[in-house]
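The letter at position 28 of the sequence shown is residue 712 when you use the working numbering, and the numbering goes up by one with no holes.
Yeah, the Cβ is synthetic: ideal placement off N, Cα and C, and Gly gets one too.
What follows is one structure encoded as structure tokens, with my remarks underneath.
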Amino acid sequence: MLKRARVTCCRVENADFTQCDVTQYSNVEYILVDPSCSGSGITSRLNSLTDDQHSSSELRLKKLSSFQSVILKKALSFPRVKRVVYSTCSINCQENEQVVQDVLSQVKKDFTIEKILPSWSHRGDTLDGQFPLGEHCIRASPETTQTIGFFLAMFKRIDS
């Protein structure tokens, strides 16, 4: 796919992202973070074959959102990164808006949330006014957009 798109500035690695030395990637400016998630937005999942009583438990969602925060913070630590897009195929606020809100509270002196695809009509959850920047995010679901459920947020470095 990369070859067909004539991408020439890509290097594929098989490694633990949480352990990578960000200084080795001093020229990276854009990152897509698509971490492991519950997959709750995937309508064609064979839930009956893979899910059990623990699949959507609060403990599992807490572990996933914690991992997602670690991955997102790592991406935002790259020294020259200008924008980081956070994406999940989940419809759970705990994996989406709450992760973005938590991470943003830790990096707000360097990053903000930029409104992604302004013409998209279905926006993120504002968490009852606790996260007004939810309006800058995108949320989709089979019921509202006739797509799989997914979420997008874009972090933008303030000085770029």
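Shown here, Thr-772 sits in a strand according to DSSP, grouped into three states. Beta bridge pairing from DSSP links Met-838 with Val-769, Glu-798. Looking at the DSSP output, Val-791 shares a beta bridge with no other residue. For the pair of segments examined, the stretch 807-820 was found to touch the stretch 776-792: the number of CB pairs separated by less than 8 Å reaches three. For Ile-715, DSSP records a beta bridge to Val-768. The stretch 815-829 makes no contact with the stretch 742-750: fewer than 3 CB pairs, one atom from each, lie closer than 8 Å.
Per DSSP, Ile-822 lies in no alpha helix (DSSP H); the unbroken beta strand (DSSP E) holding it starts and ends at 822-824. Secondary structure note for Leu-817: it is in no alpha helix (DSSP H), with a DSSP letter that is neither H nor E. With fewer than 16 other CB atoms across the displayed protein chains lying within 10 angstroms of its CB, Ala-699 is exposed. DSSP, read as helix, strand or coil, puts Arg-744 in helix. In this structure the stretch 714-729 does not lie against the stretch 686-694, because fewer than three pairs of beta carbons, one per stretch, are closer than 8 Å. By the criterion of a C-beta distance shorter than 7 Å, Ser-710 is surrounded in its chain by Pro-763, Arg-764, once the five residues flanking it on both sides are discounted. Approximately 6 Å separates the beta-carbon atoms of Lys-758 and Phe-701; this is inside 8 Å, confirming the contact. In this structure, Asn-776 lies near Leu-745, with their beta-carbon atoms less than 8 Å apart. Here the alpha carbon of Thr-692 sits roughly 31 Å from the alpha carbon of Asn-780.
For Thr-829, the CB contacts under 8 Å within the same chain, skipping 5 residues up- and downstream, are His-806 in chain order.
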